Amino acid sequence: MEKLLIEKRELVTVIESPVDFISVDHEKCVGCKNCVIICGMNLWKIRDGKAVLETDYKKFCTECASCYTVCDYDAIKFTFPPGGYGIVYQRG
Ligand code: SF4
Ligand code: SF4
Numbered sequence: 016m017e018k019l020l021i022e023k024r025e026l027v028t029v030i031e032s033p034v035d036f037i038s039v040d041h042e043k044c045v046g047c048k049n050c051v052i053i054c055g056m057n058l059w060k061i062r063d064g065k066a067v068l069e070t071d072y073k074k075f076c077t078e079c080a081s082c083y084t085v086c087d088y089d090a091i092k093f094t095f096p097p098g099g100y101g102i103v104y105q106r107g
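In this note's numbering, the protein residues as written are 16 to 107.
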């Protein structure tokens with residue numbers, strides 16, 4: 016069966032927040048990779064054993080809060096962007 020490739024970052028349009036709404040505390044991060052695995056937009060990487068969020072994450076983040084939810088070490092802080100900013104789904 017032919018595999019359907021989805022370019023996830025083209026599924027949403029983001030009205031980019033002027034302020035950060037996700038941060039990671041490297042003192043608490045143990046590099047477990049849960050955030051890397053769960054992020055549907057591939058916005059997390061592990062660098063030197065610690066989670067790092069893409070610098071332009073505000074352009075692509077779908078505000079699902081999954082990274083925050085799966086972090087068992089309370090290393091990720093998540094708040095929704097201020098009103099008037101956020102995602103607009105193109106399909107679905
Ligand atoms: S889920 Fe939390 S502890 Fe695990 S790599 Fe991500 S930030 Fe670090
Ligand atoms: S909120 Fe969702 S899309 Fe945004 S960085 Fe976290 S897991 Fe990825």
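All C-beta atoms in this analysis are idealised placements derived from N, C-alpha and C, irrespective of residue type, glycine included.
Keep in mind that this is a model prediction, so the values were computed, not measured.
For residue i and residue j, I'd like the C-alpha separation in whole angstroms.
i: Ile37; j: Lys48; result: 16 Å
i: Asp40; j: Ile91; result: 6 Å
i: Asp35; j: Ile61; result: 20 Å
So the beta strand (DSSP E) residue i belongs to, where does it begin and stop?
i: Val103; result: 101 to 104
According to DSSP, what are the bridge partners of residue i?
i: Arg24; result: The partner list for Arg24 (beta bridge, DSSP) is empty, contrary to what the question assumes.
i: Ser38; result: Lys92
Which of the three DSSP states, helix, strand or coil, is assigned to residue i?
i: Lys65; result: strand
i: Val194; result: What the structure shows of the chain is the stretch from 16 to 107, and residue 194 is not part of that stretch, so it cannot be assessed.
First and last residue of the alpha helix (DSSP H) that includes residue i?
i: Ser32; result: Per DSSP, Ser32 belongs to no alpha helix (DSSP H) and is neither H nor E.
i: Val85; result: 81 to 85
Indicate, with yes or no, if ligand 1 has a heavy atom lying under 7 Å from the CB of residue i.
i: Ile91; result: yes
i: Tyr104; result: no
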